[in-house]
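Residue numbers (UniProt numbering): 1 to 237.
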C-alpha cells in the first residue's frame with residue numbers, strides 16, 4: 001500500500017482493512033512465504049455448501065419436485081452441517097487471522113481486530129523462532145493507534161508501520177533489523193531494576209532537598225538575624 005492511497009479517516013473499517021492489506025506486502029518483502037492452509041479449508045467448506053444447494057436447485061428445476069424430493073432432506077442436513085463448520089472455523093479457528101507464514105527467522109501467525117468506535121489496531125501475534133526444535137511458540141498482544149501510520153488526510157505511510165512491527169515482533173525484527181526502533185518496541189520497556197533505580201534516585205534527591213532546607217532554617221535562626229518588622233522597630237518615647 002502506497003502513501004498515495006487515500007481513505008476516509010473516520011471509517012474504522014477502512015483503517016483496519018488498509019492496514020491488514022499492508023501486512024502481507026511488508027512480510028513478503030522480507031522473504032516470508034504465506035501459508036494458505038486455513039484459508040483453503042474455509043473456502044472448501046463454503047464452496048461445498050454452495051455446491052450442495054446449487055445441485056439441489058438444479059435437480060428440482062430439471063426433473064421436478066418428485067424427483068428431487070428424496071434428496072432434499074439429506075441435502076439440507078449436509079448444508080447445515082457444512083455451514084455450521086464454516087462458522088465455527090471462521091470464529092474459533094481463524095479468529096481474525098490476516099496472515100500466516102514462514103521465513104528464515106521463524107513462523108508467524110497474525111490476527112487483528114478493533115473495538116467499536118476506538119481507532120486502535122489490536123494485534124495478536126503467535127510466533128516461533130528458528131530453529132523450531134530449540135524455541136517454543138510464543139504469543140504476544142500489541143496495540144497502537146492508527147494515527148501512527150495514517151496522516152490526517154487519510155494517507156497510509158508504510159515506514160512507521162514497518163518500524164512498529166519490526167520493533168514489537170522479534171521474528172520480524174530479526175528479519176528487518178534496519179527498521180527496529182528501540183524507543184518503540186522491546187528496547188523501550190523499563191525493567192524492574194531500572195524502575196527501582198529511578199525511584200531510589202528520586203528519593204535521594206528529595207532527601208537532599210529536605211536536608212538542605214533543614215540546614216538553611218537552622219542557620220537562619222542561629223545567626224541572630226532579625227525578621228523584618230519585629231524587634232527592629234523604634235519604641236516611642
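In this text, a Cβ means the ideal position worked out from N, Cα and C, and glycines have one as well. Here the structure is a predicted model, which is why all the values come from computation and not from measurement.
When the five nearest sequence neighbours on each side are left out, the beta carbons in the same chain lying within less than 6 Å of the beta carbon of residue 6 are those of 154, 155, in order along the chain. Within the model, the alpha-carbon separation for residue 81 versus residue 146 is close to 39 Å.
Contact between residue 162 and residue 101 does not hold, since their C-beta atoms are separated by about 16 Å, which reaches or exceeds 8 Å. In this structure the region 52-66 does not lie against the region 92-99, because fewer than three pairs of beta carbons, one per stretch, are closer than 8 Å.
With fewer than 16 neighbouring CB atoms inside 10 Å of its own CB, residue 118 falls in the exposed class. The Cβ neighbour count for residue 69, taken over all protein chains shown within 10 Å, is under 16; the residue is labelled exposed. Judged by beta-carbon spacing, residue 149 lies within the 9 Å limit of residue 157, meaning their Cβ atoms are closer than that value.
Per the coordinates, the alpha-carbon of residue 122 lies some 37 Å from the alpha-carbon of residue 53.
When the beta-carbon positions are compared, residue 49 and residue 86 come within less than 9 Å of each other. Within the same chain, and ignoring the five residues on either side of residue 46 in sequence, the residues whose Cβ sits closer than 7 Å to its Cβ are 86. Shown here, residue 50 sits in a helix according to DSSP, grouped into three states. Residue 169 counts as buried, since at least 16 other C-beta atoms from the protein chains shown sit within 10 angstroms of its C-beta. Around the beta carbon of residue 167, a 10 Å sphere encloses 16 or more other beta carbons of the protein chains shown; the residue is thus reported as buried. In the three-state scheme derived from DSSP, where H, G and I count as helix and E and B as strand, residue 28 is classed as helix.
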